[in-house]
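Enquirer: Residue numbers (the working numbering): 2 to 313.
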Amino acid sequence: MGFVGIQTGFESSGRRRSLRKTWMPSDRQGLQRLEEATGLAFRFVIGRTNDRLKMSELRKEVAEYDDFMLLDIEEQYSKLPYKTTLLQSYQSLYYRLAFFKAAYTLLDSEFYVKADDDIYLRPDRLSLLLAKDCPHPQTYLGCMKKGPIFTDPKLKWYEPLSYLLGQEYFLHAYGPLYALSAEVVVSLVAIRNNSFRMFSNEDVTIGAWMLAMNVNHEDNQSLCEPECTPSSIAVWDIPKCSGWALQSRKEVIRTSSKRELLNQPNCDLTINILGSITQLKKSKLAMVAWKPFSALDSSIYRMGQTRKASSI
């Protein structure tokens with residue numbers, strides 16, 4: 002089984018509403034059925050803020066939907082100015098480490114999945130992917146890419162530590178969706194803050210840590226489809242300048258036949274350039290022979306501020 006943490010923020014209530022209207026059930030019973038069918042638990046992951054109004058709104062949403070994991074970490078990085086890119090990355094990574102540590106503490110899973118709140122996901126297909134036999138206990142699963150390192154401070158993906166890296170980034174997964182096996186998360190949990198090198202982009206930093214841990218990189222381009230296809234697991238808008246995906250033979254074949262695929266009645270939705278969901282055809286979930294964890298009470302996730310839980 003696995004845990005899917007959907008990273009969200011205090012300004013993203015609209016995104017959460019869109020997900021609850023599409024692939025993620027909006028009621029506890031529906032979420033329970035999805036978990037039992039797929040063997041995956043799904044929760045929105047969010048920290049705390051000193052803004053009383055925002056915290057009050059979050060309390061109401063938690064009470065209404067009961068689908069959150071709350072982290073005992075203040076979300077400050079979203080307020081930082083653009084010029085503090087590296088500091089923003091540090092804050093984001095501390096938040097990500099807090100998520101993996103809390104998820105590992107609360108739930109014994111085979112995989113822990115980090116997902117953004119602006120993607121369309123097929124839980125049934127993700128479940129089938131994670132249920133496959135994994136020859137390597139330490140696995141880093143995602144849509145892998147490599148690409149040029151940006152050295153111009155004016156660019157969004159500027160890398161201040163480019164002198165350490167050369168001309169091209171090493172292999173790493175796109176940030177909006179990736180999965181780590183339990184053994185990898187064990188190593189992450191053991192990391193002390195500031196003990197590993199951090200770069201300006203979260204996905205690059207995670208990739209660097211994976212290299213240091215000598216894990217197995219598993220590339221699956223179905224996790225980063227720009228348009229829905231009969232095989233897409235996740236659909237989202239890929240930034241044009243964020244790096245180049247691996248141009249494997251499989252990728253080339255799929256790209257060349259994209260028009261043919263889109264003519265088939267298999268697309269579940271259309272996503273506009275902002276990543277908002279505009280159309281969806283309902284589909285039944287595939288039943289997967291995974292052990293359901295209905296014994297897990299949702300209140301556990303409301304205490305998801307690691308072991309130092311404090312109510313909001």
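Glycine residues also receive a C-beta, built at the ideal position from the N, C-alpha and C atoms.
Model, not experiment: these values are computed from the prediction.
#1: Apart from the five residues on each side of it in sequence, which residues of its chain come closer than 6 Å, Cβ to Cβ, to T1?
#2: Is R44 closer than 7 Å to F69 when the C-beta atoms are compared?
#3: Have a look at I207 and R126 and give me their C-alpha separation to the nearest angstrom.
#4: Taking buried to mean at least 16 other C-beta atoms within 10 Å of its own C-beta, is Y121 buried or exposed?
#5: Drop a sphere of 10 angstroms on the beta-carbon of E76, count the other beta-carbons inside from all chains shown, and report buried for 16 or more, exposed for fewer.
#6: Do the stretch 198–207 and the stretch 165–180 touch if we need at least three Cβ pairs shorter than 8 Å?
#7: Short of 6 Å in beta carbon distance, which residues of its chain neighbour I7, apart from the five on each side in sequence? Order them along the chain.
#8: In this structure, how does DSSP classify G208 when only helix, strand and coil are distinguished?
#9: Taking contact to mean 3 or more Cβ pairs, one atom from each stretch, closer than 8 Å, check whether the stretch 99–118 and the stretch 219–230 are in contact.
#10: Reducing DSSP to helix, strand and coil, say where Y96 ends up.
#11: Could you check where the alpha helix (DSSP H) with Y66 kicks off and where it finishes?
#12: Would you kindly work out how many angstroms separate the C-alpha atoms of G167 and S27, rounded to a whole number?
#13: Are the Cβ atoms of K318 and F11 separated by less than 7 Å?
#14: Which partner residues does L115 have in the DSSP bridge list?
#15: Can you have a look at T39 and say buried or exposed, based on whether 16 or more other CB atoms are within 10 angstroms of its CB?
#16: Can you tell which of S14, I150, S233 and P124 has its C-alpha closest to the C-alpha of R34?
#17: Run through DSSP, which three-state label would R17 get?
#18: Below 7 Å between beta carbons: does that hold for S128 and L41?
#19: With a 10 Å radius around its C-beta and 16 neighbouring C-beta atoms as the bar for buried, classify R193 as buried or exposed.
#20: Should G3 and L131 be called a contact, given that it needs their Cβ atoms to be closer than 7 Å?
#21: Quick one: grab the DSSP three-state call for D125.
#22: G143 lies in the alpha helix (DSSP H); which residues open and close that run?
#23: With DSSP collapsed to three states, give me the class of G31.
#24: Do you know how far the Cα of A99 is from the Cα of E106?
#25: Which residues mark the beginning and the end of the beta strand (DSSP E) in which I74 is found?
#26: If I'm right that G148 touches A180 with Cβ under 8 Å, what's the distance once you round it to whole angstroms?
#27: Using three-state DSSP, classify C135 as helix, strand or coil.
#28: What residues match up with Y164 in a beta bridge as DSSP calls it?
#29: Residues in its own chain within less than 6 Å of W210 by CB, not counting five upstream and five downstream?
#30: I need the boundaries of the beta strand (DSSP E) containing R49, first residue and last residue.
Expert: Taking the coordinates as given:
#1: Given that the chain is displayed from residue 2 to residue 313, the structure contains no residue 1 and the question cannot be resolved.
#2: Counting from 1 along the sequence shown, the entry for residue 69 is found at position 68. Counting from 1 along the sequence shown, the entry for residue 44 is found at position 43. Going by C-beta atoms, F69 is nearer than 7 Å to R44.
#3: By one-based count along the sequence shown, residue 207 stands at place 206. By one-based count along the sequence shown, residue 126 stands at place 125. Whole-angstrom Cα-Cα distance: 24 Å.
#4: Within the sequence shown, the letter at position 120 stands for residue 121. By the 10 Å Cβ count, Y121 comes out buried.
#5: Your numbering for residue 76 matches position 75 in the sequence shown. Under this definition E76 is a buried residue.
#6: Touching, per the Cβ criterion.
#7: The residue given as residue 7 occupies position 6 in the sequence shown. The residues are F45, A116 and D118.
#8: In the sequence shown, counting from the first residue as 1, residue 208 sits at position 207. G208 falls in the helix class under three-state DSSP.
#9: no
#10: The count along the sequence shown starts at 1 and reaches residue 96 at position 95. Helix.
#11: The count along the sequence shown starts at 1 and reaches residue 66 at position 65. Per DSSP, Y66 belongs to the alpha helix (DSSP H) from R53 to Y66.
#12: As a first step, residue 167 is located in the sequence shown; it is residue number 166 there, counting from the start. As a first step, residue 27 is located in the sequence shown; it is residue number 26 there, counting from the start. Between G167 and S27, the C-alpha separation is close to 47 Å.
#13: This structure cannot settle anything about residue 318, because the visible part of the chain is limited to 2 through 313.
#14: Indexing the sequence shown from 1 puts residue 115 at position 114. The question names Leu, yet the displayed sequence has Lys at residue 115. DSSP, once it has assigned bridges, lists G6 and Y179 as partnering K115.
#15: Stepping through the sequence shown from its first residue, residue 39 is reached at position 38. Buried, because 16 or more other Cβ atoms sit within 10 Å of the Cβ of T39.
#16: In the sequence shown, counting from the first residue as 1, residue 34 sits at position 33. Nearest option by C-alpha distance: P124.
#17: Mapped onto the sequence shown, residue 17 falls at position 16. It is helical.
#18: Working through the sequence shown from its first residue, we reach residue 128 at position 127. Working through the sequence shown from its first residue, we reach residue 41 at position 40. Contact: yes.
#19: Taking the first residue of the sequence shown as 1, we reach residue 193 at position 192. Burial call: exposed.
#20: For the purposes of this step, residue 3 is taken as the residue at position 2 of the sequence shown. For the purposes of this step, residue 131 is taken as the residue at position 130 of the sequence shown. It is a contact, given that the beta carbons lie within the stated cut-off.
#21: As a position in the sequence shown, residue 125 is number 124, starting the count at 1. Note: D125 maps to helix in three-state DSSP.
#22: Position 142 of the sequence shown holds residue 143. In the DSSP assignment, G143 falls outside any alpha helix (DSSP H) and within the unbroken beta strand (DSSP E) covering T140 to K147.
#23: For the purposes of this step, residue 31 is taken as residue 30 along the sequence shown, with counting starting at 1. In the three-state reduction of the DSSP assignment, G31 falls in the helix class, which pools H, G and I.
#24: Indexing the sequence shown from 1 puts residue 106 at position 105. Indexing the sequence shown from 1 puts residue 99 at position 98. Looking at the sequence shown, residue 106 is not Glu but Thr. Taking the straight line joining both Cα atoms gives about 10 Å.
#25: Counted from its first residue, the sequence shown places residue 74 at position 73. Segment F69 to E75, the beta strand (DSSP E) holding I74.
#26: If you number the sequence shown from 1, residue 148 lands on position 147. If you number the sequence shown from 1, residue 180 lands on position 179. That pair is no contact at about 21 Å.
#27: Reading the sequence shown from its first residue, position 134 is the one you call residue 135. Three-state result, C135: coil.
#28: Working through the sequence shown from its first residue, we reach residue 164 at position 163. Paired residue(s): none; Y164 is not in a bridge.
#29: Mapped onto the sequence shown, residue 210 falls at position 209. The residues are F197.
#30: Indexing the sequence shown from 1 puts residue 49 at position 48. Element bounds for R49: L41 to R49.
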